[in-house]
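Residue numbers (full-length UniProt numbering), protein chains in the order written: chain V, 1 to 558; chain D, 1 to 648. Think of the CB as a built atom: it goes at the ideal place given N, C-alpha and C, for glycine as much as any other residue. Predicted model, so just to flag it, every value in this text is computed and none were measured. In what follows, a single structure is set out as structure tokens and then discussed.
Written out as structure tokens, the structure is:
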């Protein structure tokens, strides 16, 4: 992950980079090596002896893995020896950017900002969760039930996504096909931030990139994964009291259930749902949203990491209650709530780091995983192990008038606290002046109605004119009129699969086809210059503006 | 290949190749020899792999593996002679005891050649140093002598042996067979038959007898000879130590060694009564013969004492059972506890050391025999607390294997913590259920981890993915490696042209799509994906344009380039599904785009165009178009290719 030009937000504890000699790290059984690598620097890790895994995905022996911009850990059940060396500093890629890259590194092995060996990990618990799930899966298969549906809850930076990865990896390792649902819009899974996704995993996760890659036109060293993507261009799922998040979750759950019904392997394996940490904080509406997720996905197992309070709440609300699946009554399917320890390796990822993660995901969507360095001889040796695929997006001009561009017009001042500002500095720059008519009171009134009477996710409901009118009125989604607002610049546009003339409820619920990056806005001529992932005409579909999130990404196009 | 690779990588390759060696295939063997020759700097790793392989492989495949050893030491010599010589005794005897008599004859012949110089070589030294071969020979001679004695002694009451051994009906009830079967599936038959035969005291061949060499004479003596007993324990401990040195991490070995040391301690510290000695002697002798039979024989051995105690087939155990009913046992224990005496050092041992070298052969081979027999036997005979409720045939099978193996120390009853045997793990893995609750998931279950690692020992060197070491796993891995190969080629290919992110699929396509693993039989659209970029390289492509197509290039000159075959230009059409301009009926081969129909015509007899070929396994890869890979002909045997092509 290289981020030329994006290192402005890096912590300052970085110096002139001096290549550190390769160092060997010996791990005793059951310990892990935790490391942090800044964006812009890389380290190379090689497994010399023994077995090791990174979030459940096993490292191949003698392969060189390159990490950049990561806070991660390599765990070993059996003990291992790792060789860590400094990788090359990331330089510009593909000629698209010319920003010179400053190299930054810490003083740990291979130039890690921080690295140490930890003896105490919650891996035993996490592995046992996997085995417990396997037990449930075996039972489910025997009795014809669906596999377990797992919901992972916990505050920010408690290791939810890591646990999701571990459970996914182990399931894949024993030949299962879990459907992994990411409901956290602040970090994308196989997509950019600001999306909710569902993916059936059958192949190995990518050691270096975390999840892997969504399909590209060319081959990939790690099998690509096929995500189903919904756009939710806000950080906070409770935005507008969840009136946007909730129906999208329902829609996503419906698709997942549809897949489960048809895909035997997925049905036996079940679902793993990763959630945003915000839901696990005591926010107004968070419990209702959790309940919504539990209901929609017919959750059978709730894993709570690192929060006693939430655990006791969940125990009270759900433990031993029948799940919401249609067959729960006949098959006596009950929800179990399990508390898990938070790993001592969980570190707070500050706003700057999350911002960098966000930008790197967007960059990866358009440009692929960059080659850490082109001139290195060592690189060529490890070519097969790295997933460095360079993608060529296409820049083109679009008439703004031809676009059916929609924007969410929620303005929830109460949710925009300092924490959100960390994620979304761009928010400060975007005014609300486009819709002077909107105000909080109006919207909260509408949303109150919305939560109780929302027509649901069946598009058929909206076919009639009256239904469409209702849908339009309730969804805080407005068409952006000409002229093109200058705030479009440097933001993402999500192309949905929905025809441009459909009503806003359908547009909101539609899955996403892909993203455009607005490089430039020419309001006078009514044209915008965009970066599309591939050539050809931009499909004429409804487009949703990611104005608030992922918001502005500067310097994607030089 | 010979430089720059880590030893374990070479070893891994070698191991995989060895696993494919199932018959006495001269070509494969010579091929393996060549690999060994090219990798002398990894000789130690390769030797280790060979030894492990010979130990673990089913008896039917031991001979070819030993032939590899033979071929290597004769054709390559040092350093292999050195490394392989170290453990040759164990390796050879281990194999020898497990194979049938015909194979033994072959092994005898091979051993004979090891005492001589390499034929045609100028070096006059024998293949292996004489002391190594001599120790093996001595052991074999000793075994044969014992077998002869046994045959002569056949007239005498042989109940002990029968009682301990010949209880085939009990097998079906035992927990052990599945475990052993899982580990050494094909091995169960042959040696079992040999065992049953000899158990009846009418061995069909002399060779199957060595098994009984040590215990037989003692058992027939009515009084327990303490020195014999001590010696036997000593020997067993030596064997266990040896095993422990080899496998320090194996809990079962630790357990066994500990049990033996405890027993020795008891023997030395206490003056035991005749009855007690008889008991101990019986345990020891029960332990001794088993090893010789080795893995496969664990089945009857384990089961008979542990489970079939009451049946009539056990004339010997009956009196013992009576002798040692719980009440008597308690009395015995009390009595011994009171009789704390000077240790009785076994000075008798030294004069017998010479014998030991030979007799030791039996226990030495025992290294991999599990501790179960000893423990189970102890329990059955009443030395263990569990004896108060002697497990009947209906005893829960897994108990024997996985529960504790308590060992009694006079004066107190002490339970050693439960240490499941490695064999038990593999079975338990499938049976073990983990409850989904907070308390349950805090319990470490290291044996389940084995299901993620050791159980899938066949590992891809490129991505670390694991496969079962079964036939199916091998096929999967082969397909998986194929996938790597193709992908690498295509990546190299794709690096030259621009790639881009595909659009995400819509809901319907996603629901209909099925993840295709990289280990499944590739379908005919495999290479089509190379030509049909975009959303269509997924199974969800059902909506894509019919037949073959490629995206119309953006470059004007390329767009105007005609089909090289018919010299007609391509027609661009807008595809709603792809959301792009495409050329229908077009196929891209290398850098040129052809009309698919033209290309079909021309290449009908040549290298088949990619999309119509259905690649299966490692051969017939459609990438033959690219000319990089040759079909696997007889001149490029699979073994070699496998080792050479594995990506680094």
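What would DSSP say about residue i, mapped onto helix, strand or coil?
{"i": "residue 55 of chain V", "result": "coil"}
{"i": "residue 652 of chain D", "result": "Examination of residue 652 of chain D is not possible in this model, given that chain D is present from 1 through 648 alone."}
{"i": "residue 21 of chain D", "result": "coil"}
{"i": "residue 497 of chain V", "result": "coil"}
{"i": "residue 131 of chain V", "result": "helix"}
{"i": "residue 179 of chain V", "result": "strand"}
{"i": "residue 70 of chain D", "result": "helix"}
{"i": "residue 117 of chain D", "result": "strand"}
{"i": "residue 422 of chain D", "result": "The predicted position of residue 422 of chain D is uncertain, since its pLDDT is 41 and thus under 50; a value taken from the coordinates is nonetheless stated next. Helix, per DSSP."}
{"i": "residue 192 of chain V", "result": "coil"}
{"i": "residue 277 of chain V", "result": "helix"}
{"i": "residue 562 of chain V", "result": "Given that chain V is displayed from residue 1 to residue 558, the structure contains no residue 562 of chain V and the question cannot be resolved."}
{"i": "residue 584 of chain D", "result": "strand"}
{"i": "residue 285 of chain V", "result": "coil"}
{"i": "residue 500 of chain D", "result": "coil"}
{"i": "residue 268 of chain V", "result": "helix"}
{"i": "residue 46 of chain V", "result": "strand"}
{"i": "residue 65 of chain V", "result": "strand"}
{"i": "residue 468 of chain D", "result": "coil"}
Closest by CA to residue i, which one among the options?
{"i": "residue 234 of chain V", "options": "V/248, V/130, V/224, V/319", "result": "V/248"}
{"i": "residue 332 of chain V", "options": "V/246, V/542, V/322, V/52", "result": "V/322"}
{"i": "residue 50 of chain V", "options": "V/82, V/71, V/69, V/72", "result": "V/82"}
{"i": "residue 235 of chain D", "options": "D/48, D/255, D/261, D/475", "result": "D/261"}
{"i": "residue 536 of chain V", "options": "D/573, D/565, D/557", "result": "D/573"}
{"i": "residue 461 of chain D", "options": "V/46, V/115, V/301", "result": "V/46"}
{"i": "residue 277 of chain V", "options": "V/159, V/173, V/265, V/298", "result": "V/159"}
{"i": "residue 584 of chain D", "options": "D/598, D/550, D/77", "result": "D/550"}
{"i": "residue 67 of chain V", "options": "V/37, V/60, V/79, V/75", "result": "V/37"}
{"i": "residue 402 of chain V", "options": "V/500, V/336, V/303", "result": "V/500"}
{"i": "residue 504 of chain V", "options": "V/53, V/409, V/486, V/484", "result": "V/409"}
Starting from residue i, trace the beta strand (DSSP E) both ways and give me its first and last residue.
{"i": "residue 35 of chain V", "result": "31–37"}
{"i": "residue 94 of chain D", "result": "From DSSP, residue 94 of chain D is part of no beta strand (DSSP E) but of the alpha helix (DSSP H) over 88–98."}
{"i": "residue 554 of chain D", "result": "No beta strand (DSSP E) holds residue 554 of chain D; DSSP gives it neither H nor E."}
{"i": "residue 26 of chain V", "result": "23–27"}
{"i": "residue 401 of chain V", "result": "No beta strand (DSSP E) contains residue 401 of chain V, which DSSP labels as neither H nor E."}
{"i": "residue 520 of chain V", "result": "512–522"}
{"i": "residue 116 of chain V", "result": "114–118"}
Hey, quick one: how far does the alpha helix (DSSP H) through residue i stretch, first residue to last?
{"i": "residue 717 of chain D", "result": "There is simply no residue 717 of chain D to check, as chain D begins at 1 and stops at 648 in what is shown."}
{"i": "residue 47 of chain D", "result": "43–56"}
{"i": "residue 227 of chain V", "result": "Looking at the DSSP string, residue 227 of chain V is not in any alpha helix (DSSP H); the run it does join, the beta strand (DSSP E), is 227–231."}
{"i": "residue 27 of chain D", "result": "26–38"}
Tell me which residues share the same chain as residue i and place their Cβ nearer than 8 Å to its Cβ, disregarding the 5 neighbours each side in the sequence.
{"i": "residue 227 of chain V", "result": "189, 190, 191, 197, 198, 199, 214"}
Can you name, in chain order, every residue of its own chain whose Cβ lies under 7 Å from the Cβ of residue i, other than the five neighbours on each side?
{"i": "residue 491 of chain V", "result": "518, 545, 546, 547, 551, 552"}
{"i": "residue 296 of chain V", "result": "249, 250, 253"}
{"i": "residue 514 of chain V", "result": "495, 533"}
{"i": "residue 43 of chain D", "result": "79, 80, 83"}
{"i": "residue 71 of chain D", "result": "29, 30, 33"}
Does at least one heavy atom of the ligand ADP sit under 6 Å from the Cβ of residue i?
{"i": "residue 240 of chain D", "result": "Within the structure as shown, the ligand ADP is missing, as the structure has no ligands at all."}
At a Cβ threshold of 7 Å, is residue i touching chain B?
{"i": "residue 13 of chain D", "result": "Structure shown: chain B not included; protein chains present are V and D."}
Handout entry: Interface positions of the stretch 287–318 of chain V facing chain D (Cβ-Cβ less than 7 Å), listed along the chain
Key = 301
Practice task
Can you give me, in chain order, the residues of the stretch 38–64 of chain D that have a beta carbon less than 9 Å from any beta carbon in chain V?
Solution key: none
Exercise for the section: Determine which residues of the stretch 341–374 of chain V have a Cβ less than 8 Å from any Cβ of chain D, and write them out in chain order. Expected result: 365, 366, 368
Practice task
Pull out every residue of the stretch 156–186 of chain V whose Cβ sits closer than 8 Å to any Cβ of chain D, in chain order.
Solution key: 170, 173, 174, 177
Handout entry: Residues within the stretch 31–50 of chain V neighbouring chain D, beta-carbon criterion of under 9 Å
Key = 47, 48, 49
Exercise for the section: Compile a chain-ordered list of the residues in the stretch 469–503 of chain D whose CB is closer than 7 Å to at least one CB of chain V. Expected result: 487, 488, 490, 491, 494, 498, 499, 500, 501, 502, 503
Exercise for the section: Compile a chain-ordered list of the residues in the stretch 123–157 of chain V whose CB is closer than 9 Å to at least one CB of chain D. Expected result: 124, 125, 126, 127, 128, 129, 130, 131, 132, 133, 134, 135, 136, 138, 139, 148
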